[in-house]
Each structure stands twice: as C-alpha cells, then as structure tokens.
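**Q** Take this structure first; my questions come after.
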Amino acid sequence: AIAYFHMGEPERARPLLDQCLDIAPDDKVARLYRERCITAFAGGDYVPSAAHDDGRWRDEYSIRIAEIDDQHRQTFRRFSELLGHIGVAPEALASAVETLQRCLRDNFSTEENLMRRYDYPFAEEHASQHRHVLATLVELSASLLSADRPTTYLRFQALRLLVDWQINHTAKSDYHLGHFLLRAGMH
C-alpha cells in the first residue's frame with residue numbers, strides 16, 4: 182500500500198490500507214496514509230515520492246572530488262536507466278542491472294583506493310557501507326529479473342535503494358570522505 186502511494190497510485194493504495202485498518206484499527210501509519218489517499222482523491226496537495234527524486238544528478242550532491250563526482254553522475258544515470266526498464270523492457274533490464282553493479286563497484290573501488298592512499302580513519306566503516314549497498318542491489322536484482330513482485334513494488338524498491346544510497350551514503354559518508362581528501366591535499 183505504501184509503495185503504491187509513493188509511486189503515484191493512491192487509488193491502489195487505499196483499498197489495501199482499508200484492509201490493514203480492518204485488521205489493526207489502531208495502526209497509526211496505515212491511518213495516516215489512508216488520510217493522505219483521501220486528500221489525493223479530493224484533489225488535495227499530493228506529489229508522489231517518485232517525483233521528488235527522479236534519479237538525476239544535482240550539483241548539491243558534489244563532494245568536490247572530480248573523479249568521484251563523475252562516477253556518482255554515472256551511477257545516477259545508471260539508476261535512472263534501471264528505473265526506466267522495470268516492467269517495461271525486460272530484455273534491457275538484465276543489462277541495466279549489470280551496468281549499475283559495475284558502475285557501483287568501480288566507484289567503490291576508487292573510493293577505497295583513495296581511502297587507503299590517504300589513510301582515511303573511517304575506511305572500514307565506509308567500505309562496509311559499500312558492501313551493504315552492493316548486497317542490497319544483488320537482492321533487488323534477483324526480484325527485478327524474476328519479476329516476482331508487482332512492477333510498482335519493484336520500482337519503489339529500486340527508488341528506495343537510490344534514495345538510501347544518496348541520503349545515507351553519498352550525502353553523508355562520501356561528503357565526509359571528500360572533505361577529508363581535500364584537507365589532505367587532494368585536488
């Protein structure tokens with residue numbers, strides 16, 4: 182239900198939320214999303230989450246290390262391509278998944294090499310985040326390629342991975358790494 186809501190399909194979310202509330206009438210999250218669906222139906226202020234982050238690079242994402250920023254731009258493009266193939270072009274989906282995985286591995290390798298070269302004190306934690314993102318992508322890839330879930334759900338999960346990578350990794354950990362590298366004399 183929540184995936185439908187965030188992917189711009191409140192009309193599909195509401196009946197599912199009604200079912201949730203039949204089972205658990207005190208579920209505050211289900212009630213909140215049901216109210217948001219009602220607002221959307223009434224022509225209220227509703228913009229699906231997918232419209233907030235469309236997979237495009239923005240200058241505000243820069244960590245001011247050109248090589249890494251270029252790789253991040255490429256990763257955003259690859260995520261966007263992947264999102265565009267889900268449920269539409271199954272034959273291109275496998276290639277998009279493989280290309281995104283390769284793109285992320287290249288980026289992570291670059292970052293990890295720089296962390297070693299400049300003796301970054303948080304290298305292990307940072308590399309652990311890389312492993313987590315790749316493991317999550319492998320899990321998601323299995324669902325994407327088997328199409329074992331509804332398309333909206335798969336798009337939601339892919340978008341969620343993009344947003345998680347952007348918010349929790351690039352905007353925080355990579356930004357910190359970039360600041361460290363600049364202070365260490367990298368240009």
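Going by this note's numbering, the sequence shown opens with residue 182, and the numbers climb by one from there.
By construction, the Cβ of each residue, glycine as well, lies at the ideal position given by its N, Cα and C atoms.
(1) Given that a residue counts as buried once 16 or more other Cβ atoms are within 10 Å of its Cβ, and exposed if not, what is residue 213?
(2) Measuring only the C-alpha atoms, how far is residue 183 from residue 308?
(3) For residue 182, name the three-state secondary structure that DSSP assigns.
(4) I'd like the list of long-range same chain contacts for residue 366, defined as Cβ closer than 7 Å, with 5 residues on each side in sequence excluded.
(5) Counting only the same chain and skipping the five closest in sequence on each side, list residues whose C-beta sits under 8 Å from that of residue 208.
(6) Does the pairing of the region 185 to 195 with the region 213 to 222 give three or more beta-carbon distances under 8 Å?
(7) Considering only their Cβ atoms, is the gap separating residue 358 from residue 379 smaller than 9 Å?
(8) Which residue wins for smallest C-alpha separation from residue 298, given the options 354, 361 and 241?
(9) Evaluate residue 322 with the Cβ neighbour count: other Cβ atoms within 10 Å of its Cβ, from every protein chain shown; 16 or more gives buried, anything less gives exposed.
(10) Can you give me the C-alpha to C-alpha distance between residue 326 and residue 249, rounded to a whole angstrom?
(11) If you follow the alpha helix (DSSP H) that residue 252 is part of, which residue opens it and which one closes it?
**A** This is what the structure holds:
(1) The residue given as residue 213 occupies position 32 in the sequence shown. So residue 213 ends up on the exposed side.
(2) Locating residue 183 in the sequence shown gives position 2, counting from the first residue. Locating residue 308 in the sequence shown gives position 127, counting from the first residue. Their backbone Cα atoms lie some 31 Å apart in a straight line.
(3) As a first step, residue 182 must be located in the sequence shown, where it is residue number 1. Three-state result, residue 182: coil.
(4) Reading the sequence shown from its first residue, position 185 is the one you call residue 366. Closer than 7 Å at the Cβ level, and outside the excluded window around residue 366, lies no residue.
(5) Translated into the one-based positions of the sequence shown, residue 208 becomes position 27. Excluding sequence neighbours, residue 208 sits near 201 and 202.
(6) yes
(7) Here the chain has residues from 182 to 368 only, and residue 379 is not among them.
(8) Reading the sequence shown from its first residue, position 117 is the one you call residue 298. Taking only the C-alpha atoms, the option nearest residue 298 is 361.
(9) To locate residue 322, count along the sequence shown from 1; it is residue 141. Buried, because 16 or more other Cβ atoms sit within 10 Å of the Cβ of residue 322.
(10) Along the sequence shown, read from residue 1 onward, the residue named residue 326 stands at position 145. Along the sequence shown, read from residue 1 onward, the residue named residue 249 stands at position 68. Cα-Cα distance, rounded: 29 Å.
(11) In the sequence shown, the residue the question calls residue 252 occupies position 71. From DSSP, the alpha helix (DSSP H) with residue 252 extends over 247 to 266.
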